[in-house]
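Here the structure comes first, spelled out in structure tokens, and everything after it is commentary.
Numbering (our numbering), first residue to last: 1155 to 1404.
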């Protein structure tokens, strides 16, 4: 039901929980495979231990309780083009533990299956959300939550600015105006707002006279969301002749 809601709205994100007793790899993959490939939903695991401030007892809570905090912090301090995860944005500092800790091979399986997980990191208080993937496994950039949110922002912004053209006469200068305002809207989203590049087409080449006579105007845009870094691949080469030397600059 939640996936149906976000698919219909197209401007929100469903944070889905693993069941408390299904956080090991096999049952978790069964859950993931049953969810299909929705662009507007993501799966999170495991459950998080946190202190109940009323009873002063540690309790387990589903991960979605904390995912909203990560999204809100990311939006307020970085922007929607940044992945809502990682050491800069995904720390839950008051968490006291996890219902399950994944080892490296297990984490690789989770990542390959687009399952976002919480983990501990040396020197970091609490736990860290690691992974910002949607459940889209079609090979599209929409597998990246940040990219999907940028595209949703594009759709929402353009819907607002283009409404004013409805019921106007579709004259040639109207096509120019639509192309111009669309270009300005997308131009404002380049860089930190999440777009790497774009193109706009709204002229006589895609709006022949018969279409205009029917009251139909076609606007075609091609956008390239800015990708987020998911992995840092470190390679170390040992020179057998000279050894290794490190220089530190203060």
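Each residue gets a CB set at the ideal place from its N, CA and C atoms; glycine is no exception.
Per DSSP, the bridge partner or partners of residue i
i	result
residue 1203	1214, 1251
residue 1273	1282
residue 1245	1282
residue 1171	1198
residue 1287	1298
residue 1095	There is no way to answer for residue 1095, as the model of the chain reaches only from 1155 to 1404.
Helix, strand or coil at residue i [DSSP, three-state]
i	result
residue 1392	coil
residue 1379	strand
residue 1262	helix
residue 1405	As displayed, the chain neither begins before 1155 nor continues past 1404, which places residue 1405 out of reach and without an answer.
residue 1219	helix
residue 1404	Bear in mind that a pLDDT of 44 at residue 1404, under 50, signals an unreliable position, so the number given afterwards is only what the model happens to contain. Three-state DSSP puts residue 1404 in coil, outside helix and strand.
residue 1208	coil
residue 1320	coil
residue 1385	coil
residue 1236	coil
residue 1164	coil
residue 1325	coil
residue 1368	coil
residue 1181	helix
residue 1312	helix
residue 1257	coil
residue 1267	coil
CB-CB length for residue i against residue j, believed under 8 Å
i	j	result
residue 1222	residue 1286	Not quite, the Cβ-Cβ distance comes to about 14 Å (not below 8 Å), so this is no contact.
residue 1200	residue 1283	That pair is no contact at about 12 Å.
residue 1269	residue 1197	5 Å
residue 1356	residue 1340	In fact, because the Cβ distance is near 12 Å, the residues do not count as touching under 8 Å.
residue 1277	residue 1248	Wrong, their Cβ atoms sit about 17 Å apart, outside the cutoff.
residue 1194	residue 1243	About 20 Å; that fails the 8 Å criterion.
Which complete beta strand (DSSP E) runs does the region 1327-1366 hold, if anything under 3 residues is left out?
1349-1355
Three or more C-beta pairs under 8 Å: does that hold for the region 1379-1388 against the region 1341-1361?
yes
Evaluate the contact criterion for the region 1160-1176 versus the region 1211-1231: three or more CB pairs, one atom per stretch, below 8 Å.
yes
Do the region 1299-1307 and the region 1320-1332 meet, that is, are 3 or more Cβ pairs less than 8 Å apart?
no
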